[in-house]
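Counting from 1, position 104 in the sequence shown corresponds to residue 1118 in this note's numbering; the numbering is continuous, with no gaps.
Just so it is clear, CB atoms sit at the ideal spot from N, CA and C, and this is done for glycine as well.
Just below is one structure, and these are the notes that go with it.
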Amino acid sequence: QQISKALQRRSEAIRNAISRYNTQAAALNPPRPPISWKDIAEYSFLGEFDLLRHCRADVRDNNWAKPAFRQATVKFFRLQRAHEELVRVSVEVRRLWTSIHDEEAHTTKVIDELLISDRPLASELTKQHRPRHAINQLHLHCLEEI
């Protein structure tokens, strides 16, 4: 899929290269088979790419063209992204923890003030806040595990 997207972005240059290759391939003795855009779009990995095999220097022997090196590179970059994601998660955990604590402190303060000025409203707010408080405590426990 990534190869297909890259091919689409560079399609004009690739079409020109195909045309030049087909002209040269026909002139060889014995002639090489021509290739088409469809052939190139269907290649799933570099080793199937006959065009590279018939070049002056066979680039398939370079380290970057070998599957093991490509896979190691992909894994390396995935590991880098994972480290970045851990930093992001750490920041988000702190933000959520702070938000929950701030909300709990604010709600408790409002309920305490309402106990003085409007007891029925304070009672209703306390009743409404209990399920949220229980969920917040569960979330805080999970955040502490992280």
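Nearest-angstrom beta carbon gap, residue j and residue i [assumed within contact, 8 Å]
i, j, result
"residue 1107", "residue 1160", "5 Å"
"residue 1136", "residue 1128", "4 Å"
"residue 1048", "residue 1036", "4 Å"
Inter-residue Cα distance where the pair is residue i and residue j
i, j, result
"residue 1092", "residue 1077", "19 Å"
"residue 1113", "residue 1087", "39 Å"
"residue 1157", "residue 1117", "16 Å"
"residue 1142", "residue 1105", "30 Å"
"residue 1038", "residue 1051", "16 Å"
"residue 1080", "residue 1020", "19 Å"
"residue 1083", "residue 1151", "47 Å"
"residue 1133", "residue 1147", "20 Å"
"residue 1154", "residue 1089", "33 Å"
"residue 1109", "residue 1099", "15 Å"
"residue 1042", "residue 1023", "30 Å"
"residue 1103", "residue 1145", "26 Å"
"residue 1123", "residue 1149", "19 Å"
"residue 1121", "residue 1111", "15 Å"
"residue 1165", "residue 1094", "This structure cannot settle anything about residue 1165, because the visible part of the chain is limited to 1015 through 1160."
"residue 1046", "residue 1040", "6 Å"
Residue i Cβ short of 7 Å to the ligand FAD heavy atom set
i, result
"residue 1159", "Here there are no bound small molecules, and the ligand FAD is not part of this structure."
Same chain only: Cβ atoms within 6 Å of residue i, ignoring 5 sequence neighbours per side
i, result
"residue 1026", "none"
"residue 1140", "1125"
"residue 1034", "none"
Contacts around residue i, its chain only, beta-carbon distance under 7 Å, and the 5 residues preceding and following it disregarded
i, result
"residue 1097", "none"
Q | Length-filtered (4 minimum) alpha helix (DSSP H) runs lying within the region 1023-1049 | A | 1025-1041
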